[in-house]
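The numbers in our numbering rise by one with no breaks, and the one at position 11 of the sequence shown is 41.
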Amino acid sequence: MADDFHAVDLFRRIARDDQLITDRQRVSGYAVDGILPKAVLFPESIEQLAGMVRLASQENLALVPWGSGSKMGIGNPPSRLDLVLCTERLKSIIDMDTANLTVTVQAGARFREVQQALAGEENRCYLPVGDFAEPGGGKICSNRAHKGCFIPLWPLHASTATMGGIIAAKSSGPMRLLYGQPRDLLLGVRYVAATGEVIGMGGKTVKNVSGYDICKLLVGSAGSLGILCEMTLRLLPLPESRNTGLFFFNGLEEASDFVEAFFRSGMFPAAVEIINRRAWETLALQEAEAPKAGKYLVAVALEGFAEAVDRMASEAGRMARESHAIHEHLLGNEAHGLFWDSYSNIASYLYETESNTASIKMSYPISRYGAIIRDAEGAAEEYQLGYAFTAHAGSGICYLHLFMGRESPDTLERAAGAIRKLMGCCGRAGGNVIVQKALPKLKQMVPVWGLPREDLVVMKRIKEEMDSQGIFSPGRFVGGI
Numbered sequence: 031m032a033d034d035f036h037a038v039d040l041f042r043r044i045a046r047d048d049q050l051i052t053d054r055q056r057v058s059g060y061a062v063d064g065i066l067p068k069a070v071l072f073p074e075s076i077e078q079l080a081g082m083v084r085l086a087s088q089e090n091l092a093l094v095p096w097g098s099g100s101k102m103g104i105g106n107p108p109s110r111l112d113l114v115l116c117t118e119r120l121k122s123i124i125d126m127d128t129a130n131l132t133v134t135v136q137a138g139a140r141f142r143e144v145q146q147a148l149a150g151e152e153n154r155c156y157l158p159v160g161d162f163a164e165p166g167g168g169k170i171c172s173n174r175a176h177k178g179c180f181i182p183l184w185p186l187h188a189s190t191a192t193m194g195g196i197i198a199a200k201s202s203g204p205m206r207l208l209y210g211q212p213r214d215l216l217l218g219v220r221y222v223a224a225t226g227e228v229i230g231m232g233g234k235t236v237k238n239v240s241g242y243d244i245c246k247l248l249v250g251s252a253g254s255l256g257i258l259c260e261m262t263l264r265l266l267p268l269p270e271s272r273n274t275g276l277f278f279f280n281g282l283e284e285a286s287d288f289v290e291a292f293f294r295s296g297m298f299p300a301a302v303e304i305i306n307r308r309a310w311e312t313l314a315l316q317e318a319e320a321p322k323a324g325k326y327l328v329a330v331a332l333e334g335f336a337e338a339v340d341r342m343a344s345e346a347g348r349m350a351r352e353s354h355a356i357h358e359h360l361l362g363n364e365a366h367g368l369f370w371d372s373y374s375n376i377a378s379y380l381y382e383t384e385s386n387t388a389s390i391k392m393s394y395p396i397s398r399y400g401a402i403i404r405d406a407e408g409a410a411e412e413y414q415l416g417y418a419f420t421a422h423a424g425s426g427i428c429y430l431h432l433f434m435g436r437e438s439p440d441t442l443e444r445a446a447g448a449i450r451k452l453m454g455c456c457g458r459a460g461g462n463v464i465v466q467k468a469l470p471k472l473k474q475m476v477p478v479w480g481l482p483r484e485d486l487v488v489m490k491r492i493k494e495e496m497d498s499q500g501i502f503s504p505g506r507f508v509g510g511i
């Protein structure tokens with residue numbers, strides 16, 4: 031945008047030239063649902079970020095936080111947009127306390143880089159397996175002294191996602207089955223409020239919150255209540271062993287039989303995913319791992335002690351064969367990580383190969399996953415749309431990607447029809463549908479956040495209390511908040 035934006039000179043007083051973009055061509059890379067901001071700012075410290083928000087508040091400028099941009103498709107188009115505040119330069123790991131299983135990072139730190147740093151850190155915090163001692167007399171763990179730690183998440187777009195974006199979008203990924211969601215791991219935050227004040231809540235211990243838990247309010251708030259700038263999360267020691275079983279089936283019924291048998295066994299997998307052929311082809315699995323036959327893949331992640339992982343892998347293979355799996359393949363520790371990293375980026379791969387993809391997140395009771403998957407396939411086929419899906423079989427979440435092809439009134443209407451039908455299916459089952467990514471025109475045709483929520487009145491009051499001017503992501507959240 032040209033320099034006639036009235037606040038540019040004001041922001042230049044607190045930002046260098048390389049921290050402020052107003053050129054229209056460069057600004058276009060930070061458009062939100064096709065709406066261009068007037069300027070993009072890159073703060074390099076929390077104090078500078080706070081100063082930028084304070085100035086925006088004084089000038090009543092609407093702003094949207096931006097990490098890596100991987101989840102900016104979530105939400106309504108903003109009702110107004112003046113500034114994008116990009117946190118990519120706030121990327122420090124503030125504190126890595128593996129002895130107490132916590133890490134404190136800035137919002138712009140990349141998830142993958144934080145995990146790599148944690149994996150290389152010595153960890154002596156795990157409960158000892160036997161009576162082992164180091165020369166100084168302290169207890170250490172059998173074969174675990176240098177195993178490292180990790181944040182027990184594998185969020186969508188793991189290769190590019192920032193920590194702030196993961197928390198703001200409540201992005202947990204398939205490993206939520208064993209490890210829980212971001213809100214379960216978040217111990218404390220520092221965020222910039224609408225006044226420009228830096229507020230810290232929580233800390234490095236679990237029992238540190240009284241009154242309203244602001245930390246939990248910020249999880250999934252999509253930048254509508256404040257800008258996350260720092261967070262403290264709980265860690266776990268790296269598992270002794272990690273394996274993934276890939277089991278291919280000709281039909282959804284056989285795949286479901288296997289999944290149900292596995293859950294009835296009482297074993298505790300890290301993830302159980304059902305994937306259709308179009309989705310697994312996107313992963314570019316090796317020929318030995320991806321047979322030409324079969325329509326569905328069940329991927330089972332197993333993490334823990336080596337003996338337990340080996341036993342679960344053996345039992346999973348037996349149950350898969352009894353459920354008529356046509357092919358199976360076991361991935362060891364390194365291949366396990368490569369697979370789930372690739373799996374987290376399925377949506378990104380699809381966006382590169384399929385034009386105008388609309389992505390939705392369907393939630394429903396866990397027991398209804400088979401019916402919802404059939405509804406998803408039926409809706410896509412009824413409205414003549416190509417599709418790929420990935421379903422968390424044990425968590426009640428399914429991501430459906432609809433391929434619209436060339437944009438036209440007809441394709442928009444067909445995609446909207448499929449989404450509306452699935453909202454009805456999930457609503458009757460007690461769930462909901464949220465649009466994760468879509469063309470702005472399609473977002474205008476469907477309720478992006480799904481069915482009306484009973485807690486909308488409370489959410490509006492919280493928004494008014496924390497952002498009375500409505501400068502944070504105006505219109506983007508549920509109910510146009």
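Even glycine gets a Cβ: it sits at the ideal position worked out from N, Cα and C.
Computed from a predicted structure; not experimentally measured.
DSSP state of residue i mapped onto helix, strand, coil
| i | result |
| --- | --- |
| residue 125 | strand |
| residue 466 | strand |
| residue 305 | strand |
| residue 419 | strand |
| residue 157 | Unreliable positioning characterises residue 157 in this predicted model, as indicated by a pLDDT of 38, which lies under 50. The coordinate reading is nonetheless provided below. Three-state result, residue 157: coil. |
| residue 497 | coil |
| residue 434 | coil |
| residue 491 | helix |
| residue 310 | helix |
| residue 475 | coil |
| residue 335 | coil |
| residue 28 | For the chain, the structure presents residues 31 to 511; residue 28 sits outside this window and is missing. |
| residue 194 | helix |
| residue 390 | strand |
First through last residue of the alpha helix (DSSP H) which encompasses residue i
| i | result |
| --- | --- |
| residue 41 | 38 to 42 |
| residue 113 | Looking at the DSSP string, residue 113 is not in any alpha helix (DSSP H); the run it does join, the beta strand (DSSP E), is 113 to 116. |
| residue 88 | 76 to 88 |
| residue 246 | 244 to 248 |
| residue 439 | 439 to 459 |
Whole-angstrom C-beta distance between residue j and residue i, which should lie under 8 Å
| i | j | result |
| --- | --- | --- |
| residue 456 | residue 402 | 7 Å |
| residue 273 | residue 186 | With a Cβ gap of about 22 Å, residue 273 and residue 186 do not count as contacting. |
| residue 207 | residue 424 | 4 Å |
| residue 219 | residue 231 | 6 Å |
| residue 394 | residue 460 | 7 Å |
| residue 418 | residue 329 | About 14 Å separates the two Cβ atoms, so there is no contact after all. |
| residue 467 | residue 99 | That pair is no contact at about 12 Å. |
| residue 244 | residue 420 | That pair is no contact at about 32 Å. |
Residue i - containing beta strand (DSSP E), residue span
| i | result |
| --- | --- |
| residue 366 | Here residue 366 belongs to no beta strand (DSSP E); instead the alpha helix (DSSP H) covers 363 to 374. |
| residue 261 | 257 to 264 |
| residue 229 | 228 to 232 |
| residue 298 | It is not in any beta strand (DSSP E) - residue 298 carries neither H nor E in the DSSP assignment. |
| residue 72 | Here residue 72 belongs to no beta strand (DSSP E), and DSSP marks it neither H nor E. |
Close-in-space but distant-in-sequence residues of the same chain around residue i (CB under 6 Å, 5 per side omitted)
| i | result |
| --- | --- |
| residue 95 | 115, 253, 257 |
| residue 372 | 313 |
| residue 83 | 222, 226 |
| residue 503 | 94, 253, 254 |
| residue 117 | 97, 137, 138, 194 |
| residue 301 | 204, 205, 207, 331 |
| residue 190 | 98, 100 |
Residues of its chain near residue i, where Cβ-Cβ distance is below 7 Å and the 5 sequence neighbours each way are ignored
| i | result |
| --- | --- |
| residue 286 | 400 |
| residue 511 | 254, 489, 490, 493 |
| residue 398 | 459 |
| residue 269 | 333, 334 |
| residue 480 | 453, 462, 463, 464 |
Among the options, the one whose alpha carbon lies nearest that of residue i
| i | options | result |
| --- | --- | --- |
| residue 484 | 497, 463, 509 | 509 |
| residue 361 | 150, 369, 284 | 369 |
| residue 392 | 411, 376, 430 | 430 |
| residue 180 | 264, 437, 353 | 264 |
| residue 443 | 339, 351, 420, 475 | 475 |
| residue 130 | 266, 407, 326, 343 | 266 |
Residues near residue i in its chain [Cβ-Cβ closer than 8 Å; skip 5 each side]
| i | result |
| --- | --- |
| residue 349 | 288, 291, 292, 295 |
| residue 324 | 278, 279, 280, 307, 356, 357 |
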